[in-house]
Amino acid sequence: MIKYQTNHVTIFQSVLFKTTSLVIRTEDCIIVVDPTLLPEEVVEIRQHVDRWKEDKPIYLIFTHSDWDHILGYGAFQDSIIIASEAFNKREDTEEILNQIQQFDDQYYLDRNYPILYPPVDIPITEDGQELEIGKTKLTFYKAEGHTNDGIFVVVEPVGVWVAGDYLSDVEFPFIYDSSEKYEQTIAKTDKILGSHDIKLLVPGHGTATDIKEEIIFRKVLSYRYIQELRNAVSDNLDHQFLIQGYKYRQDQINSHNENVTLIKKELEIKKN
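Encoded structure:
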């Protein structure tokens, strides 16, 4: 369903996992980010794009390769695809597609488009890489830590920062790749806020915000979670209190425990 809309920006939020999809209209193009999740939700996004499109090209950006972020690609095969070089070089794409199929099978979901792994037309290879489409400017930043193939994108002149699975108000850091790289990614917050006129931050799950102090607060919370969890694991102390403030923690406890396992491995590697 639509959670936020202006003349240029529409944010859709799925009823599942509060997953966000984004459509941006500029005078040069239509930009779509991570269209997802339920079949009728993807159809709604596609219909919205068609209403806005006119004769403009569609640029489809994937922030990372998690199954719940790529499953809408099949409805947008007429788009120019942008994702990281690591996204493009993944060797486990069949496993990701199987995760989508398992989800659909579990809930008896039918889609009117094929489930495909997105082929990348414009790979992002460098931090700060830029793409200009007429007067529309996209600036990309590598965002590793959650996964190893994530990107941030800042869309100007509308001033939208697409954060992928970082800086959420409903999730603590879910770390599938590296806790240190996750810290390096969120450390880019100050640089991005200082280099761009950010009017709206859109995370992959949860609520968008136009308040810079809120963006910084989310960064601090993420830092604190990682650092305190690392200290607790290192000293064999309790760490469950770190997720007490999260509304959906009864399910998210699994992700927290996965973080514990990953950080234990990282600490063991450092010891050796």
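Using my numbering, read the sequence shown as starting at -13 and increasing by one per residue. All residues carry an ideal CB built from backbone N, CA and C; glycine is no exception.
At the C-beta level, I201 and L179 come within 8 angstroms of one another. Nearest in C-alpha terms to G150, of all of L186, K177, F158 and I137, is I137. L207 sits in a helix when the DSSP states are folded into three classes. Looking at the DSSP output, L57 sits in no beta bridge, so it has no partner there. Listed in chain order, the beta strand (DSSP E) elements of length 3 or more contained wholly in the segment -13 to 22 are -12 to -9, -5 to -1, 6 to 11 and 16 to 19.
Cβ atoms of H50 and D107 stay farther apart than 8 angstroms, at about 17 angstroms. The beta carbon of L83 lies closer than 7 angstroms to those of I101 and Y103 in the same chain, with the five residues before and after it left out.
Comparing C-alpha distances from E199 to each of L187, D113, A61 and R32 shows the shortest one belongs to L187. DSSP places V28 inside the alpha helix (DSSP H), whose first and last residues are P25 to K39. Membership of K128 in the beta strand (DSSP E) is indicated by the continuous run T122 to K128. For the 8 angstroms CB-CB criterion, I212 and S165 form a contact. When C-alpha distances from S181 are compared across K257, G114 and S154, the shortest belongs to G114.
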